[in-house]
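J.:
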């Protein structure tokens, strides 16, 4: 039996790699071990040239754990944990723009996010990622000590954007739902979390979702939250994934933030998303 020749090619200095030579539909445990190791090593992996049905995507996601529910977009009829991210040519606002980790306002946010490209613009529409481990490790010892005592209050409300309902009201190509209840989704998590498999510590906050530090007002907290995001998204901590149809990118939601670049007005982009592996940040 001839095994797949899996190649892992880094795409930036801090994080990110392209993975080729694997068919995720026919992946055995040996193949999975290599893909998973690349995920642990690089935090973001773009796996090219895949032809994945909704069930295939669910099967890959199951490697990371149970699927996570996303409360603000209706899932596919037969696959409620999968949903399509669509920006039509007539739209100017995209879904997922702005630096964030997915659903930090949930009690058990996902370990991994899987995003699969079905239709991509002829140019633009890339996604940026930043390395929250490298950002943490570059801090002074005194800053690490202070942040280690803090917890972040995370909200789904998107108050910095005028509220989730208003923000999503102009996203016309998607099945938006439940935004009137966004403020009820709130969770408190450590500002510095530890990743089980690697023992690494990572920053875990963003302007998008972290509204304050526990026990402090939003006004007191905002300058530090702003500074931490600016620090974490310095160019040397980032990578950029260029999408093509058939690309599946999987990122470690515990150790990264991402930002969908909205630079393709007048062109269509259609992606499919799944989050997997509910975690309890510690």
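In the UniProt record's numbering, the protein residues as written are 1 to 282.
All C-beta atoms, glycine included, are put in the ideal place defined by N, C-alpha and C.
1) Would residue 208 count as contacting chain D if we go by Cβ distances under 7 Å?
2) Are there three or more Cβ pairs, one per stretch, closer than 8 Å when the stretch 114 to 130 is compared with the stretch 248 to 263?
3) Closest by CA to residue 146, which one among 99, 213, 52?
4) Distance, Cα to Cα, residue 271 vs residue 115?
5) Is residue 274 helix, strand or coil when you go by DSSP?
6) Three or more C-beta pairs closer than 8 Å, one from the stretch 183 to 200 and one from the stretch 94 to 109: is that the case here?
7) Nearer than 6 Å: is that true of the beta carbon of residue 36 relative to any heavy atom of the ligand PLP?
8) Taking the alpha carbon of residue 225 as the point to measure from, which residue in 280, 243, 215, 206 has its own alpha carbon closest?
9) Checking the sheet assignment: what are the DSSP bridge partners for residue 87?
10) Using the rule of at least 16 other Cβ atoms within 10 Å of the residue's Cβ for burial, across every protein chain shown, is residue 27 buried or exposed?
11) If you follow the beta strand (DSSP E) that residue 131 is part of, which residue opens it and which one closes it?
12) To the nearest angstrom, how far is it from the Cα of residue 41 to the Cα of residue 19?
13) Have a look at 274, 276, 265 and flag the residue whose alpha-carbon is nearest the alpha-carbon of residue 90.
14) Can you find the residues in the same chain that come closer than 7 Å, C-beta to C-beta, to residue 55, ignoring five residues on each side of it along the sequence?
15) Using the beta-carbon count (16 or more within 10 Å), is residue 249 buried or exposed?
16) Return the bridge partner residues of residue 224 from the DSSP annotation.
17) For the beta strand (DSSP E) that contains residue 151, what are its first and last residues?
18) For residue 157, count neighbouring Cβ atoms within 10 angstroms of its own Cβ and tell me buried if that reaches 16, exposed if not.
19) Considering only their Cβ atoms, is the gap separating residue 113 from residue 278 smaller than 7 Å?
20) Can you tell me whether residue 217 is buried or exposed? The criterion is at least 16 other CB atoms within 10 Å of its CB, across all chains shown.
21) Go to residue 57, then tell me how far its alpha helix (DSSP H) extends in each direction, as first and last residue.
22) Can you name the start and end residues of the beta strand (DSSP E) that residue 31 belongs to?
23) Per DSSP, residue 259 is paired with what?
24) Hey, how far is the Cα of residue 135 from the Cα of residue 232?
25) Measure the Cβ-Cβ separation of residue 269 and residue 87 and say whether it is below 7 Å.
26) For residue 76, which residues from the same chain have a beta carbon less than 8 Å from its beta carbon, with the 5 sequence-adjacent residues on both sides left out?
27) Go ahead and label residue 201 buried or exposed: buried means 16 or more other beta carbons lie within 10 angstroms of its beta carbon, across all protein chains shown.
28) Tell me whether residue 230 is buried or exposed, calling it buried when 16 or more other Cβ atoms sit within 10 Å of its Cβ.
29) What does DSSP give as the partner residues of residue 117 in its beta bridges?
T.: Put simply:
1) In the structure shown, chain D does not exist; there is a single protein chain.
2) yes
3) 213
4) 7 Å
5) strand
6) yes
7) Absence of the ligand PLP is noted for the structure shown, with no ligands found whatsoever.
8) 206
9) 269
10) When all chains shown are included, residue 27 counts as buried.
11) 127 to 131
12) 12 Å
13) 265
14) none
15) buried
16) DSSP output for residue 224 lists no bridge partner at all.
17) 151 to 155
18) buried
19) no
20) Label assigned to residue 217: exposed.
21) 54 to 62
22) No beta strand (DSSP E) holds residue 31; the alpha helix (DSSP H) holding it covers 29 to 42.
23) 128
24) 5 Å
25) yes
26) 54, 82, 83, 84
27) Around the beta carbon of residue 201, 16 or more other beta carbons sit within 10 angstroms, so the residue counts as buried.
28) exposed
29) 271
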